[in-house]
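From first to last, the protein sequence lines stand for chains W and E. Using my numbering, you'd call the opening residue of the first sequence number 281 and step up by one each time. Using my numbering, you'd call the opening residue of the second sequence number 53 and step up by one each time. Where a beta carbon is used, it is the ideal one built from N, C-alpha and C, also for glycine. Below is one structure; the comments refer to it alone.
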Amino acid sequence: MILYLVRRLGSLLVLLVVMTAVVYGIFYAIPADPAILVCGKGCDGAQLAVVHHKLGLDQPITAQYWHFLEGLVVGRDYSSGPDVTHCAAPCLGYSFQTDLPVLSLIAQRLPVSLSLTAGALVLWTVTGVSLGLVSALREKRLTDRLITVFVLGGLGTPVFVSGLLLLMVFCGWLQWLDFPVYVPLTEDPAGWARNLILPWLTLTILQSAIFTRLTRTGMLETLSEDHIRTFRAYGLPERRVIGRHALRGALTPLISINAVEFGVVLVNAMLTETLFGLPGIGQLIVQSSNNVDLPVVAGLTLTAGLAVVLANTAADLLYATVDRRVVLA
Amino acid sequence: MTELVTEVGGPGAPASGPPARARQVLRRLRSDRPAMAGLVVTVVLILAAVFAPLLAAIEGQDTTTFHIQLLDSARGGVPRGALGGVSADHWLGVEPTTGRDLFARALYGARISFTVAFGTLVVQLLLGVAIGLAAGFGGRVADAALGRLIDLAISFPQLMFAIALLAIVPQSFPRPVLLMLVIGLFNWGGTARLTRGQVLSLKTRDYVAAARLSGASPARIALREILPGALPQVLTYAAILLPTNMVSEAGLSFLGVGVHPPTSSWGQMLSTATTWFRADPMYVLVPGLSLLTAVLAFTLFADGLRAALDPKASPRGRR
């Protein structure tokens with residue numbers, strides 16, 4: 281177990297280094313010069329050279345990349361003229377655009393993205409599992425067919441279409457809700473929830489369709505297994521057979537699905553944020569990509585990659601604890 | 053990552069002779085009503101996309117001409133008349149602020165959507181089959197390394213990288229080609245994993261051993277003996293990638309890093325529609341429903357194809 285953990289964390293480290301290297305490589309290869317963006321219009325050659333030096337762009341790519349890694353592990357100093365700023369580890373550098381530390385930019389946006397995904401996660405797990413359960417228990421009947429139609433529709437509808445349709449119905453025609461504006465949870469919990477209803481629903485439609493489908497197949501598969509037949513033969517009440525034994529077998533895979541789907545959720549959350557204009561991580565990456573804000577993009581891809589890999593590792597471990605048949609290799 | 057996802061289809065695809073098997077698949081596909089409905093709609097949509105210039109000419113409109121006179125300037129440029137300005141001249145109405153014809157723009161949007169989806173598929177197949185073949189055939193070390201790479205490719209938030217890439221590549225590079233490359237480059241993991249599984253099971257077959265004994269080179273065995281056996285399953289799986297690719301393209305265009313105006317794309321139309329959903333719902337519905345119809349039709353057909361080819365579902369339970 282410990283050996284497995286060490287090996288997993290080792291490959292995780294290699295992976296992150298490769299990822300940053302790829303991001304740096306891509307950005308270095310492009311013709312656009314970030315210094316021109318920072319310097320603004322009417323910037324002459326001398327000024328540009330100063331900016332170049334300040335951003336460290338006059339150094340070779342390998343040195344820049346090395347400093348980036350150094351900053352991550354032990355922190356680094358930025359010197360611009362006489363004053364020296366120290367950026368403590370894990371240092372992701374400073375935005376070319378706003379001069380703010382990348383880490384604080386991400387931290388600023390994180391509550392928005394977390395509010396969106398965490399709320400939706402609860403919704404889609406609950407709806408997905410219950411719909412899947414009902415669907416499996418009513419196999420081939422009307423309810424099952426209706427739910428299957430919902431699954432097909434939900435899977436085929438990208439978030440930017442379902443979100444727009446929801447906006448059209450609830451903000452446009454029925455006028456039940458205003459166009460969402462993000463309100464921090466700490467300021468106004470009711471407003472926070474009210475404004476997030478539509479974004480939550482948008483994410484939930486797609487993700488709960490995935491969960492419904494998986495719960496249904498998992499449940500049907502488990503119900504046809506021998507041990508369930510044995511429980512029934514012993515005369516265990518049906519409710520107990522399903523609630524205690526079948527559900528457990530059917531739901532275990534969902535743990536790892538949530539992790540594998542994490543990347544998908546991230547992307548869909550990004551699209552949802554853009555649609556509703558929520559100031560989250562998704563909006564940040566779209567903006568900074570368009571502005572060639574290298575430190576922010578590198579920092580964000582690194583953070584997202586780390587989150588995805590950590591989620592997967594955690595899920596594998598959790599899976600192994602819940603299901604003893606899994607052998608860690 | 054622990055191997056959780058079982059290989060789709062599994063061993064045994066090329067068991068019976070090709071003609072008999074093909075007939076069986078066709079028969080099953082024909083009796084699958086949703087799949088056939090999906091096929092019909094798919095064919096109609098593809099024909100519409102191919103003949104877009106002709107259809108637009110019949111309507112008498114093009115994608116770029118402004119029709120300012122059809123807009124209500126007092127209401128911020130919303131089309132006059134019911135349903136976003138639907139009329140005999142403009143079958144699906146016109147765009148707000150510009151008055152460009154929506155029917156023509158949606159048709160040309162279909163062209164972009166399908167071209168990118170199929171082009172991406174080619175990139176995905178080339179990459180996925182090559183990497184899957186190498187992983188399945190290349191020995192333990194290659195398999196371990198490539199297997200990790202495949203796991204990563206499957207779980208990674210590709211679109212994030214794609215946005216960064218698309219935003220920085222010079223505007224002069226042909227955009228649809230770039231989209232194919234970028235989406236394909238980040239989404240080949242499923243194809244590779246399936247190919248690897250197929251190769252691993254085919255590798256142990258007697259006919260492969262016979263080829264090896266008769267002195268065929270490893271490259272020849274991989275390409276001439278194993279690949280043809282693996283392809284049917286892989287291609288069927290690939291069909292399901294088409295709707296996914298369409299959604300990716302629309303998503304990237306929605307975020308503003310897809311095709312550039314004045315070229316029309318469904319994702320781009322939807323992104324402008326975010327500010328018009330109250331005043332002009334038709335402008336949301338036209339690109340939205342076009343995308344939904346296409347995705348649903350492609351998915352139904354691809355699902356049906358997979359079910360028809362699935363050896364597990366065969367009447368005599370042959371596996």
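In the structure shown, H119 of chain E falls within a coil segment according to DSSP collapsed to helix, strand and coil. Straight-line measurement puts the Cα of A325 of chain E at about 10 Å from the Cα of A331 of chain E. With 16 or more other CB atoms across the displayed protein chains lying within 10 angstroms of its CB, E301 of chain E is buried. Residues of the same chain with a CB within less than 6 Å of the CB of G90 of chain E, apart from the 5 flanking positions on each side, are A349, L352 and F353 in chain order. Three or more beta-carbon pairs separated by less than 8 Å are not found between the stretch 72-84 of chain E and the stretch 124-132 of chain E, which leaves the two stretches without contact.
Contact of F440 of chain W with chain E is assigned, a C-beta pair being separated by under 8 Å.
Between the stretch 252-261 of chain E and the stretch 229-239 of chain E there are fewer than three C-beta pairs closer than 8 Å, too few to call the two in contact. Within the stretch 434-499 of chain W, complete beta strand (DSSP E) segments of at least 3 residues are not found at all. DSSP lists E:D124 as the beta-bridge partner residues of V130 of chain E.
In the structure shown, the three-state DSSP call for P333 of chain E is helix. In this structure, the beta-carbon distance from A539 of chain W to A587 of chain W does not fall below 8 Å. Our two residues, L265 of chain E and L494 of chain W, have alpha carbons roughly 45 Å apart in a direct line.
For the pair L337 of chain E and L343 of chain E, the Cα-to-Cα distance works out to about 10 Å.
The DSSP-derived three-state label of R356 of chain W is strand. When E:P226, E:P86 and E:A182 are compared, the shortest CA-CA separation from P313 of chain E is found for E:P226. When the Cα atoms are used, F189 of chain E and G585 of chain W turn out to be separated by approximately 29 Å. Under the Cβ distance rule, L337 of chain W does not count among the residues neighbouring chain E, no pair being separated by less than 8 Å. Excluding its 5 nearest sequence neighbours in each direction, V309 of chain E has C-beta neighbours in its own chain below 6 Å: I215, L218 and A219, listed in chain order.
By the criterion of a C-beta distance shorter than 6 Å, T116 of chain E is surrounded in its chain by P314, once the five residues flanking it on both sides are discounted. The beta-bridge partner set that DSSP reports for Y289 of chain E is empty. At a beta-carbon threshold of 7 Å, none of the residues of chain W lie near A187 of chain E; the nearest stands roughly 16 Å away. Cβ contact annotation for V547 of chain W (same chain, cutoff 6 Å, sequence separation greater than five): none.
Under the Cβ distance rule, A301 of chain W does not count among the residues neighbouring chain E, no pair being separated by less than 8 Å. For G452 of chain W, the closest Cβ of chain E is nearer than 8 Å.
Contact annotation: the stretch 440-451 of chain W does not touch the stretch 515-533 of chain W, with fewer than three C-beta pairs closer than 8 Å. Taking CB atoms only, N570 of chain W has a neighbour in chain E less than 8 Å away. Scanning its chain for C-beta atoms nearer than 6 Å, with the 5 sequence neighbours on each side dropped, one finds around H366 of chain W the residues D357, in chain order. M448 of chain W belongs to the set of residues whose beta carbon lies under 8 Å from a beta carbon in chain E. The beta-carbon of A594 of chain W is placed no less than 8 Å from the nearest beta-carbon of chain E.
In the structure shown, the three-state DSSP call for H142 of chain E is coil. Counting C-beta pairs closer than 8 Å gives fewer than three between the stretch 268-275 of chain E and the stretch 405-415 of chain W, which falls short of the contact rule.
With a cutoff of 8 Å on beta-carbon distance, L204 of chain E and V566 of chain W are scored as not near each other.
DSSP, reduced to helix, strand and coil, places Y345 of chain W within a helical segment of the structure shown. Within the stretch 280-296 of chain E, the residues whose Cβ lies closer than 9 Å to any Cβ of chain W are, in chain order, P295.
With respect to chain E, the C-beta atom of T510 of chain W has no partner C-beta closer than 8 Å. Residue burial annotation: H507 of chain W is exposed, with fewer than 16 other C-beta atoms found within 10 angstroms of its C-beta.
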